[in-house]
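What follows is one structure encoded as structure tokens, with my remarks underneath.
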Amino acid sequence: MSAIEKRHEEDQATEANGRESVLSVRDLTVGFGSNIVLDKLNLEIYRGEILGFVGASGTGKSVLMRTVLRLLAKRAGKIEILGADYDKITEAERIALDMRLGVLFQHGALFSALTVRENIQVPMREYLDLPQRLMDELARVKIELVGLAPEAAEKYPSELSGGMIKRAALARALALDPDLVFLDEPTSGLDPIGAAEFDELIAKLRDTLGLTVYMVTHDLDSLFSVCDRIAVLGKKRVLVEGTVEDMLACDDPWVQSYFRGKRARSIVRHDQ
Amino acid sequence: MSPSARKLTADVALAESAGGRSYVFTGAWRHETAEAMAAKLDGLASKGDGAAQFDLSGVTAMDTAGAWIIRRFMTRIAGPSRDDIHFADGGQRYVELIDALPAELRAPEKGSERLPLFQRIFAPVGEVMVATWDDVVAAMYILGSAVRGAQLKLGRHSGVSPAAIVHQIDRMGVMAVPIITLMSFLIGAIIAQQGAFQLRYFGAEVFVVDLVGILQLREIGVLLTAIMIAGRSGSAITAEIGSMKMREEVDALKVMGLSPIGVLVFPRLVALTVALPLLTIIANFAALIGAALVAWGYSGITIPTFLARLQEAIDFSSVAAGMIKAPFMALIIGVVAAVEGLKVGGSAESLGRHVTSSVVKSIFVVILIDGLFAMFYAAIDF
Chain A
222 MSAIEKRHEE DQATEANGRE SVLSVRDLTV GFGSNIVLDK LNLEIYRGEI
272 LGFVGASGTG KSVLMRTVLR LLAKRAGKIE ILGADYDKIT EAERIALDMR
322 LGVLFQHGAL FSALTVRENI QVPMREYLDL PQRLMDELAR VKIELVGLAP
372 EAAEKYPSEL SGGMIKRAAL ARALALDPDL VFLDEPTSGL DPIGAAEFDE
422 LIAKLRDTLG LTVYMVTHDL DSLFSVCDRI AVLGKKRVLV EGTVEDMLAC
472 DDPWVQSYFR GKRARSIVRH DQ
Chain B
1324 MSPSARKLTA DVALAESAGG RSYVFTGAWR HETAEAMAAK LDGLASKGDG
1374 AAQFDLSGVT AMDTAGAWII RRFMTRIAGP SRDDIHFADG GQRYVELIDA
1424 LPAELRAPEK GSERLPLFQR IFAPVGEVMV ATWDDVVAAM YILGSAVRGA
1474 QLKLGRHSGV SPAAIVHQID RMGVMAVPII TLMSFLIGAI IAQQGAFQLR
1524 YFGAEVFVVD LVGILQLREI GVLLTAIMIA GRSGSAITAE IGSMKMREEV
1574 DALKVMGLSP IGVLVFPRLV ALTVALPLLT IIANFAALIG AALVAWGYSG
1624 ITIPTFLARL QEAIDFSSVA AGMIKAPFMA LIIGVVAAVE GLKVGGSAES
1674 LGRHVTSSVV KSIFVVILID GLFAMFYAAI DF
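Chains as they are written, first to last, in the working numbering: chain A, 222 to 493; chain B, 1324 to 1705.
So this is what it looks like as structure tokens:
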């Protein structure tokens, strides 16, 4: 029995204690040439929470996410996802681990030659042993879950609006019922109502599917409304992490201006 | 999580008591067990319908696949409203998951009716004809705008940008010199060897010079160079313009008041028209050098003899007949590539399809034009 499967059985047991770490990053260093982007970064995500990740442009939010997803190589450090250390597991276990991760890329990254339904079925076909009819139904269930009209199933990505692309990409990220979902700026480019709906959708899916969500976002509304915890990236590491109150109490100038700026103040005031 | 590593099991049982029917679900309701459980539920569904109690307390795991077959089963026995289904205590989070799923799937409208045989045969033929005509119109439009469109600009400069044209000549012309030289050298050598081999039977080996000279200068030189450029630069033009179209860069040019044809197509068209005749000259020289070397080595025709014979065999009209065709072929390659590039839609697949059809169409039209020129020259005795 592999390490991951053991983990799977322990899922229920540890859940009762709460605070089970789903993703743990220790002393991570990433750089390009002589330019160090992340230096000894530490990060922890616990099961069932929505972690909002913010930082000024160019501080390495995307680099961190891409490193965690193994799209970039790291210089040093340790990344543990769902209890497995990427460097120590076999290729088969890595694939099994990838099945339990879902990613929503910033621009959707839907395959342009496939319809929305076929996009959702790409991972299903590859990994699930299901009859075609059930797979079609499941794809349509996911399309309904993310709030797309059934007609969208047979459309190509180039025929969809920006909001629909985000929803379709979320449906694809959820195709295999992942445990941990990475969202890269899920609400960017959506109108405020669409963004609020998307936030609600993420919170609802977290509750029903038991997801853990790692969300890179600049949307203050999302941060305040759905994120359980916020982490701020700066100076090549996590500057501060905690709840909105912790952010407001932090005395770092960037964090101050981000969370106490004009735009943030109006939201905080409405909340209270 | 290979299937062999661990067998997940699930089960459902129907218990009938005085309180009504009760379905007891146990085990892991995951995608691994979904197929078997879907079949089992199908069997149970026929045993009656109406109100029932569901007991999920024995379920150890559930994903959307498992939840969906249970949801589907609920709709089947009790209709879309779930008022008639009562969940027993236990497994509360699985109940939530089931409730989050839609009761039934709204089928997307399918508008595809079967057409009568007559239409299925002739509709595609008509579509091809219309598409071909549209291509011709688009090609004429691009050619016309390229001639005139470069001036349609209100800015400070005239529409013609020398830097862009020179850059394109460098990319399409200068960088193609090595491959064109090598290809033509080999073609010249091969024609000379084959010609000498056949003419040897008649003791007329020296006429291989006439053969290579006339064939290369009138036909092969310009034709093969055009085909090579269609593959090398035509595809690049389609891919460049196509990917700019895909990412709305062409639209950005339009709203800035710039003509995309003037900015994108015109410099490439001019560059091709300049580069192709020059490349043809290089190709002709390379081929004649290849032929001269083979004639010397294979048939013992010395270089001075070769040159003297060549001077007798060819005249101005042989050279001109080939060179006149070069700019026409350049325009065709450029216009076909631009038409295909501007037809690219939103997907990567469409880009690939149009690059392919750009190369295929331009090579076909180049050969067609070569044939028309041959007929024309024969008619005017050139």
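Beta carbons are placed, not taken as given, at the ideal position from N, Cα and C, and that holds for glycine.
Residues that residue i bridges to, as DSSP identifies them
i       : result
D299/A  : Asp is not the amino acid found at residue 299/A; the sequence shown has Lys there. Its beta-bridge partners are R247/A.
A452/A  : F274/A and E462/A
N1607/B : Answer by DSSP bridge pairing: none, since N1607/B is not bridged.
R361/A  : None, per the DSSP bridge assignment.
A1333/B : G1350/B
V402/A  : G323/A and V434/A
G252/A  : I257/A
A305/A  : I302/A
E1450/B : Paired residues: none, contrary to the question.
G329/A  : F326/A
R1344/B : E1339/B
S242/A  : Y267/A
Span separating the alpha-carbon of residue i from that of residue j
i       : j       : result
L259/A  : L1654/B : 53 Å
I364/A  : I423/A  : 14 Å
A1598/B : V1658/B : 15 Å
I1444/B : M1452/B : 13 Å
S1325/B : I1552/B : Model confidence at S1325/B stands at a pLDDT of 42, short of 50, so the residue's coordinates are unreliable and nothing is read from them.
L1538/B : F1530/B : 12 Å
A392/A  : A1338/B : 37 Å
L1331/B : E347/A  : 19 Å
G254/A  : I1393/B : 54 Å
A1610/B : E1635/B : 18 Å
M356/A  : V343/A  : 11 Å
D449/A  : P1485/B : 59 Å
L349/A  : L1592/B : 52 Å
V447/A  : Y1464/B : 54 Å
S1276/B : L1674/B : A question about residue 1276/B goes unanswered here, because the residues of chain B that appear run from 1324 up to 1705.
V1418/B : D1365/B : 20 Å
F419/A  : D442/A  : 11 Å
A1359/B : T1398/B : 19 Å
R1437/B : G323/A  : 40 Å
E1672/B : L1440/B : 30 Å
L1420/B : T1387/B : 8 Å
V310/A  : W1352/B : It is worth fixing the name first, because residue 310/A is Ile in this sequence and not Val. Looking at the two C-alpha atoms, the distance is approximately 27 Å.
P1403/B : G368/A  : 19 Å
Beta strand (DSSP E) segment containing residue i, residue limits
i       : result
M436/A  : T433 to V437
G1675/B : Element bounds for G1675/B: not the beta strand (DSSP E) but the alpha helix (DSSP H), A1671 to I1703.
V324/A  : L322 to L325
F1410/B : I1408 to F1410
Assumed close pair residue i, residue j - CB separation to whole angstroms, cut-off 8 Å
i       : j       : result
E1542/B : D1693/B : 7 Å
S1681/B : S1556/B : Not quite, the Cβ-Cβ distance comes to about 11 Å (not below 8 Å), so this is no contact.
I1302/B : I1612/B : The first residue shown for chain B is 1324 and the last is 1705, placing residue 1302/B beyond what the model contains.
V459/A  : L262/A  : 6 Å
A1644/B : V1535/B : Wrong, their Cβ atoms sit about 15 Å apart, outside the cutoff.
Y435/A  : L244/A  : 7 Å
Residue range of the unbroken alpha helix (DSSP H) whose run includes residue i
i       : result
L369/A  : Element bounds for L369/A: n/a, residue is neither H nor E.
K261/A  : No alpha helix (DSSP H) holds K261/A; the beta strand (DSSP E) holding it covers N256 to Y267.
M1498/B : Taken as a continuous stretch (DSSP letters only), M1498/B belongs to no alpha helix (DSSP H), as it is neither H nor E.
A1384/B : No alpha helix (DSSP H) contains A1384/B, which is instead part of the beta strand (DSSP E) from A1375 to M1385.
L1534/B : V1531 to L1538
L1438/B : Element bounds for L1438/B: n/a, residue is neither H nor E.
V1662/B : F1639 to L1665
M1713/B : No answer is possible for residue 1713/B: it lies beyond the span of chain B, which begins at 1324 and ends at 1705.
A1553/B : No alpha helix (DSSP H) holds A1553/B; DSSP gives it neither H nor E.
A1527/B : No alpha helix (DSSP H) holds A1527/B; DSSP gives it neither H nor E.
G1565/B : S1558 to M1569
A392/A  : G383 to A394
D1422/B : Q1415 to A1423
R338/A  : V337 to Y348
Output, in sequence order along the chain, the residues in the stretch 382-396 of chain A whose CB is closer than 7 Å to any CB in chain B. Here the close residues number zero.
Identify each residue in the stretch 346-361 of chain A for which the Cβ-Cβ distance to at least one residue of chain B is less than 8 Å, and report them in chain order. Interface annotation for the stretch 346-361 of chain A against chain B: L349, D350, L351, P352, L355, E358, L359 and R361, criterion Cβ-Cβ distance under 8 Å.
Chain B contacts made by the stretch 401-432 of chain A, where a contact means CB separation under 9 Å: Under the 9 Å Cβ criterion, the stretch 401-432 of chain A contributes K425, L426, D428, T429, L430 and G431.
Identify each residue in the stretch 1375-1396 of chain B for which the Cβ-Cβ distance to at least one residue of chain A is less than 7 Å, and report them in chain order. Against chain A - using a Cβ distance shorter than 7 Å - the residues of the stretch 1375-1396 of chain B are D1386, T1387, A1388 and W1391.
Mind listing which residues of the stretch 361-380 of chain A have their C-beta closer than 8 Å to chain B's C-betas, in chain order? Under the 8 Å Cβ criterion, the stretch 361-380 of chain A contributes R361, V362, K363, E365, L366, P371, E372, A374, E375, Y377, P378, S379 and E380.
Could you list the residues in the stretch 1345-1362 of chain B with a C-beta less than 9 Å from some C-beta on chain A, going in chain order? So the list reads R1353, H1354, E1355, A1357, E1358 and A1361, given in the order they occur along the chain.
Output needed in chain order: residues of the stretch 1667-1694 of chain B with a Cβ under 7 Å from some Cβ in chain A. Listed by position along the chain: G1668, G1669, S1670, A1671 and E1672.
Please identify, using Cβ separations under 9 Å, the residues of the stretch 434-449 of chain A that lie next to chain B, in order along the chain. Result list empty, no residue passes.
Any residues in the stretch 1567-1596 of chain B with a beta carbon nearer than 7 Å to a beta carbon of chain A? Which ones, in chain order? From the stretch 1567-1596 of chain B, no residue has a Cβ closer than 7 Å to chain A.
Contact list for the stretch 1401-1420 of chain B against chain A, Cβ threshold 9 Å: Residues R1416, E1419 and L1420.
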